[in-house]
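Working notes, structure below.
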Amino acid sequence: MTTLTDPPKEQFRLSMLLYDTRYRSATIQVIALIGFMLLAAWIISNTIQNLEALGKPVEFGFFGESASYDINQRLLEYDSRDSHLRAAFIGLLNTLVVAVLGCITATIVGVMVGVLRLSNNWLIARIMTVYVEMFRNVPVLLWIVLAMAILIEGLPAPNAFRGENPTASMDLFNSVAVTNRGVYIPEFLFSRSLGDVHLFGASSLRFDISLDLIAFLIVLGGSIFSMRKVSAWAAAKQESTGDRPKTWHIQLGILFVPLIILMAALGFHLGYPELKGFNFKGGTHMRNSLIALWLALSLYTAAFIAEIVRAGILAISKGQTEAASALGLRPGRTMRLVILPQALRVIIPPMISNYLNLTKNSSLAIAVGYMDITGTLGGITMNQTGRELECVLLLMLVYLCISLSISAVMNWYNNSVKLVER
Amino acid sequence: MKKSVILGAATIAGLAAGAAVAGTVDDVKARGKLNCGVTTGLVGFAAPDANGEWQGFDVSLCRAVAAAVLGDANAVEFVPTTGKTRFTALASGEIDMLARNTTWTFSRDVDLKFEFTGVNYYDGQGFMVPKALGVSSAKELDGATVCIQTGTTTELNLADFFRSNNISYEPVPIETNAEAQQQYLAGACDVYTTDASGLAATRATFEAPDEHVLLPEIISKEPLGPLVRHGDHEWGDVVRWTLNALVSAEELGVTSANIDELSAGTENPEINRLLGTEGTLGEMLGLDADWAAKAIKAGGNYGEVFAKNIGEETPIGLARGLNAQWTEGGLLYSPPFR
């Protein structure tokens with residue numbers, strides 16, 4: 008008969024860190040980590056020491072000093088007496104404007120081109136192929152510069168609109184002026200405006216939000232909520248009776264009637280641009296630099312998105328289309344109800360990196376003199392204060408934050424459309 | 035073993051640091067070439083000619099320094115810089131000196147850690163408009179679109195000028211003079227503003243220069259001069275006294291025509307000291323005795339350089355104005371060679 012004894016308790020010896028396979032990989036990782044951290048610390052301390060030897064210690068106090076330069080496109084009020092931080096903030100908003108406009112346009116154009124490239128129409132499919140190859144294979148900087156050159160050289164200067172026999176005239180019932188300084192479009196004005204809310208007092212990040220806009224968004228949100236209710240009601244009816252009631256006229260009414268009432272209550276009217284002095288006054292001025300950058304970035308990125316969309320659609324097995332047709336679905340519905348929802352799962356993840364690319368490529372703005380954050384913080388501020396390291400570090404941090412936010416939003420969306428497994 | 039690695043790394047770092055602080059004069063001599071930062075192209079000041087040779091007022095200064103240090107006026111590598119890249123290029127050591135109509139200001143001298151070695155052109159910021167606009171004063175420019183080179187002092191002066199006169203404007207920031215010219219000629223801006231000398235030089239390249247006028251207002255002081263990095267005083271002295279030699283040469287009547295004759299020795303001791311036939315000024319600078327003579331031979335004295343590149347006989351047609359010798363009512367005043 009044998010007795011069970013506990014195995015002898017193994018004693019931990021230092022040499023086991025190296026010779027025992029259970030610990031070895033951890034040991035190596037810890038050593039590598041320490042080495043890496045030492046290297047990083049050496050680089051940082053070396054930089055700081057050298058900068059101090061140059062008499063330029065790393066400090067961010069200069070952000071409070073007045074910037075002394077003007078920025079042409081400012082979404083918030085700003086003048087040359089405001090601080091460098093304020094100027095950077097104005098630049099940040101300009102970056103976001105072009106990034107958002109660019110992402111939306113690139114998505115619309117990209118999806119259209121991607122679908123059309125699969126068209127059975129030989130000519131359309133070939134034209135889309137040419138578009139994709141042209142934009143994908145030429146650096147975006149060249150497209151930006153080209154777009155700017157066409158806008159400057161191809162469009163009339165404001166003084167061509169002047170005089171007895173002007174060589175240029177305004178378009179769309181005298182409401183839009185297309186010049187080589189930009190496009191002037193009518194602006195929305197409210198004669199019984201609700202005013203603004205001022206946030207953050209007098210600090211560099213002060214921000215005005217129009218109450219009109221908030222009212223507009225609330226009403227719009229309410230309308231969309233009601234529209235969903237109507238859709239749900241229609242779906243329930245379809246489930247129980249097999250007939251889907253026509254709801255589009257109700258939907259349109261729910262969407263537009265409250266908005267029109269709100270607009271009338273606020274005294275909505277349009278402010279038209281007018282030639283006064285050297286330039287057009289009034290209306291909204293979309294500068295050449297913004298248009299060139301926006302167009303070039305979105306057309307360039309759209310070429311990549313088109314390929315992603317095409318790949319996503321091709322990834323869905325042909326049997327799905329055939330099964331849908333066998334059930335009697337028309338081709339449009341097949342695409343909308345069967346193919347695209349499945350294709351989206353393939354499309355979304357690479358789409359995220361294209362949005363990130365577009366946002367980062369917007370830092371080429373300085374080529375056309377668009378004052379984004381690279382132009383203000385990383386351009387004029389850096390040049391006038393000579394604080395290269397601080398400005399570049401902050402600039403990197405800003406882009407990092409923007410990119411991570413885009414990723415977060417898109418990942419959330421990706422999770423919401425991905426296959427739910429049961 | 036670890037210790038020896040760390041010691042080794044420290045030694046290498048120390049050697050690298052030691053090499054970095056060795057004088058720029060020695061670096062230039064060892065390299066056999068002077069790296070000189072200039073504009074990306076401003077006719078009359080610095081621009082490549084039809085043969086690809088850099089020509090101009092600032093270029094001549096680079097050549098004079100190269101001649102003084104290396105004895106060869108052509109041993110220059112011209113590095114084109116924009117208003118934005120110039121200071122980084124100089125601070126990082128990519129160029130040895132910057133001769134790029136750069137305004138001497140307090141913060142650039144003190145805060146950016148550069149050493150301005152004198153003024154080679156006294157300038158001021160002006161405005162150019164098409165004649166057809168019918169503007170006669172900068173104060174009538176309310177609401178105008180203004181092209182401006184970004185990263186320059188002119189950008190700040192412009193903001194101050196319009197603010198203090200309580201009029202509005204729309205700035206169009208631009209990287210280089212060539213782009214500004216393109217936008218201005220296409221009518222994408224009403225006004226182009228930069229240093230008056232730069233405006234004159236730009237206008238000279240237009241197809242119809244007569245159709246554009248410079249407005250009478252000069253809104254700032256812009257003393258333009260060459261600059262070097264802070265801290266290397268020997269090199270700063272070389273650049274400073276090369277410029278002074280060119281100015282003194284004009285004052286003393288030394289020209290590229292008579293310099294060979296004068297180098298043989300004259301009755302005037304100051305000329306002798308300048309040209310190195312008397313005294314040990316060259317040795318004090320760490321250069322040959324005839325360093326200044328070589329610098330003057332490179333392109334002539336200050337007056338000759340001015341007349342050849344930007345003077346009244348050239349298409350740019352700038353008068354000497356403030357840039358005349360002090361004996362003729364100007365501001366050029368070289369300290370004595372003694």
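As they're listed, the protein sequences go chains U and B. Heads up, the first sequence is in my numbering, so the first residue is 8 and it goes up one at a time. Heads up, the second sequence is in my numbering, so the first residue is 35 and it goes up one at a time. Just so it is clear, CB atoms sit at the ideal spot from N, CA and C, and this is done for glycine as well. A quick note: this is a predicted structure, and the numbers were derived from the prediction, not measured.
What residues in its chain sit with their C-beta under 8 Å from that of U:Ile159, if we drop five residues either side in the sequence?
If you number the first sequence from 1, residue 159 of chain U lands on position 152. Contacts found: Asn187 and Asn295.
What does the Cβ neighbour count give for B:Asn278, buried or exposed, with the cut at 16 atoms within 10 Å?
Mapped onto the second sequence, residue 278 of chain B falls at position 244. Buried.
What does the alpha-carbon distance come out to for the pair U:Pro165 and B:Asp194?
Walking along the first sequence from the start, residue 165 of chain U turns up at place 158. Walking along the second sequence from the start, residue 194 of chain B turns up at place 160. If you take the alpha carbons of U:Pro165 and B:Asp194, they lie about 26 Å apart.
List the residues of chain B that U:Lys63 touches, going by C-beta distances under 8 Å, in chain order.
Locating residue 63 of chain U in the first sequence gives position 56, where the first residue counts as 1. Within 8 Å Cβ-Cβ: Lys147.
With three or more C-beta pairs closer than 8 Å as the rule, is the region 74-81 of chain B touching the region 194-212 of chain B?
Touching, yes, given that three or more Cβ pairs across the two stretches are closer than 8 Å.
Could you spell out the range, first to last residue, of the alpha helix (DSSP H) harbouring B:Arg263?
The residue you call residue 263 of chain B lines up with position 229 of the second sequence. Here B:Arg263 belongs to no alpha helix (DSSP H); instead the beta strand (DSSP E) covers Glu256 to Arg263.
What residue from B:Asp224, B:Asp145, B:Asn302 and B:Ala327 has the CA that sits closest to U:Met389's CA?
Translated into positions along the first sequence, residue 389 of chain U becomes position 382. Considering only alpha carbons, the answer is B:Asp145.
What are the complete beta strand (DSSP E) segments, minimum 3 residues, inside the region 170-228 of chain B?
Whole beta strand (DSSP E) segments, 3+ residues: 178-183 and 203-208.
Are any of the Cβ atoms in chain B nearer than 8 Å to that of U:Met438?
Absent from the structure is residue 438 of chain U, since the part of chain U shown begins at 8 and ends at 429.
Measuring CA to CA, which of B:Phe91, B:Gly86 and B:Ala102 is closest to B:Lys63?
Walking along the second sequence from the start, residue 63 of chain B turns up at place 29. Minimum Cα distance to B:Lys63 is reached at B:Ala102.
Give me the Cβ distance between U:Ile151 and U:Ala299, rounded to the nearest whole Å; I'm assuming they're in contact under 8 Å.
By 1-based counting over the first sequence, the position of residue 151 of chain U is 144. By 1-based counting over the first sequence, the position of residue 299 of chain U is 292. Rounded, the Cβ-Cβ distance is 6 Å, consistent with contact.
Starting from the N-terminal side, write out each stretch of the beta strand (DSSP E) that is 3 residues or longer and does not extend beyond the region 254-289 of chain U.
Counting only runs of 3 or more, we get 275-278, 281-283 and 286-288.
Is it buried or exposed for B:Leu41, if we count other Cβ within 10 angstroms and need 16 for buried?
Indexing the second sequence from 1 puts residue 41 of chain B at position 7. Because B:Leu41 carries a pLDDT of 45, less than 50, the predicted location of this residue cannot be relied on, and no value is offered for it.
In terms of residues, what are the limits of the beta strand (DSSP E) holding B:Asn135?
Your numbering for residue 135 of chain B matches position 101 in the second sequence. Its beta strand (DSSP E) spans residues Met131 to Thr137.
Compute the Euclidean distance between the alpha carbons of U:Phe70 and U:Val226, then round it to the nearest angstrom.
Indexing the first sequence from 1 puts residue 70 of chain U at position 63. Indexing the first sequence from 1 puts residue 226 of chain U at position 219. Roughly 40 Å between the two C-alpha positions.
Beta carbons nearer than 9 Å to chain U: which residues of the region 189-220 of chain B have them?
Listed in sequence order: Glu189, Leu190, Leu192, Ala193, Asp194, Phe196, Arg197, Tyr203, Glu204, Pro205, Val206, Pro207, Ile208, Glu209, Glu213, Gln216, Gln217 and Ala220.
Please identify, using Cβ separations under 9 Å, the residues of the region 278-295 of chain U that lie next to chain B, in order along the chain.
Within the region 278-295 of chain U, the residues whose Cβ lies closer than 9 Å to some Cβ of chain B are Lys283, Gly284, Phe285, Asn286, Lys288, His292, Arg294 and Asn295, listed in chain order.
For U:Ser75, go through chain B and note every residue whose CB falls closer than 9 Å to its CB, in chain order.
As a working mapping, residue 75 of chain U is identified with position 68 in the first sequence. Correct list: Glu189, Leu190, Ala193 and Asp194.
Taking the alpha helix (DSSP H) that U:Gly319 belongs to, which residues open and close that run?
Translated into the one-based positions of the first sequence, residue 319 of chain U becomes position 312. Start and end: Asn295 to Leu321.
For a cutoff of 8 Å on Cβ pairs, would you count B:Ala242 as touching chain U?
Walking along the second sequence from the start, residue 242 of chain B turns up at place 208. B:Ala242 does not count as touching chain U.
For B:Gly259, which residues from the same chain have a beta carbon less than 6 Å from its beta carbon, with the 5 sequence-adjacent residues on both sides left out?
Along the second sequence, read from residue 1 onward, the residue named residue 259 of chain B stands at position 225. So the list reads Trp138, Phe150, Gly152, Val153 and Asn154, once near-sequence residues are dropped.
Give, in chain order, every residue of the region 104-134 of chain B whose Cβ lies closer than 7 Å to some Cβ of chain U.
Those residues of the region 104-134 of chain B that come within reach of chain U (Cβ to Cβ, closer than 7 Å) are Lys118, Phe121 and Thr122.
In chain U, what lies closer than 7 Å to B:Asp224 by C-beta?
Here residue 224 of chain B corresponds to residue number 190 of the second sequence, with the count starting at 1. Neighbours of B:Asp224 on chain U, chain order: Phe285.
For U:Ser73, which of helix, strand or coil comes out of DSSP?
The residue you call residue 73 of chain U lines up with position 66 of the first sequence. In this structure, U:Ser73 counts as strand in the three-state DSSP scheme.
Should B:Lys118 be labelled buried (16 or more other beta-carbon atoms within 10 Å of its own) or exposed?
Working through the second sequence from its first residue, we reach residue 118 of chain B at position 84. B:Lys118 is buried by the Cβ-count criterion.
DSSP on B:Met162, reduced to helix/strand/coil?
Here residue 162 of chain B corresponds to residue number 128 of the second sequence, with the count starting at 1. Of the three classes helix, strand and coil, the one that applies to B:Met162 here is strand, per DSSP.
Find out if the Cβ-Cβ distance for the pair U:Asp89, U:Ala74 is shorter than 8 Å.
Along the first sequence, read from residue 1 onward, the residue named residue 89 of chain U stands at position 82. Along the first sequence, read from residue 1 onward, the residue named residue 74 of chain U stands at position 67. The answer is yes: Cβ separation under 8 Å.
Please confirm whether B:Leu309 and B:Leu321 have their CB atoms less than 8 Å apart.
Against the second sequence, residue 309 of chain B aligns to sequence position 275. Against the second sequence, residue 321 of chain B aligns to sequence position 287. Cβ atoms of B:Leu309 and B:Leu321: not closer than 8 Å.
Could you compute how far the alpha carbon of B:Ala44 sits from the alpha carbon of B:His267?
The residue given as residue 44 of chain B occupies position 10 in the second sequence. The residue given as residue 267 of chain B occupies position 233 in the second sequence. Here the model assigns B:Ala44 a pLDDT of 46, short of 50, so the residue's position is not dependable, and the following value carries that caveat. Approximately 28 Å, taken between the alpha carbons.
Ordered along the chain, which non-local residues of its own chain (more than five positions away) have a Cβ less than 7 Å from that of B:Trp360?
To locate residue 360 of chain B, count along the second sequence from 1; it is residue 326. Closer than 7 Å at the Cβ level, and outside the excluded window around B:Trp360, lie Leu366 and Tyr367.
Which residue comes first and which comes last in the alpha helix (DSSP H) that contains B:Ala234?
Taking the second sequence and counting its residues from 1, the one referred to as residue 234 of chain B is at position 200. From DSSP, the alpha helix (DSSP H) with B:Ala234 extends over Ala230 to Ala238.
Which bits of chain U does B:Thr184 rub up against, with CB to CB less than 7 Å?
Stepping through the second sequence from its first residue, residue 184 of chain B is reached at position 150. Here the neighbours are Gly386 and Ile387.
Would U:Ala303 be called buried (16 or more neighbouring beta carbons within 10 Å of its own) or exposed?
Numbered from 1 along the first sequence, position 296 holds the residue referred to as residue 303 of chain U. U:Ala303 should be labelled buried.
Answer yes or no: does any C-beta atom of chain B fall closer than 8 Å to that of U:Glu395?
On the first sequence, residue 395 of chain U is found 388 positions in, with the first residue counted as 1. By this cut-off, U:Glu395 is an interface position.
Measuring CB atoms only, is the region 237-255 of chain U touching the region 196-212 of chain U, in the sense that at least three cross pairs come out at less than 8 Å?
Verdict: no, contact absent.
If we cut at 8 Å on Cβ distances, does U:Glu171 have a partner in chain B?
Against the first sequence, residue 171 of chain U aligns to sequence position 164. Chain B, which has no Cβ nearer than 8 Å to the Cβ of U:Glu171, makes this no.
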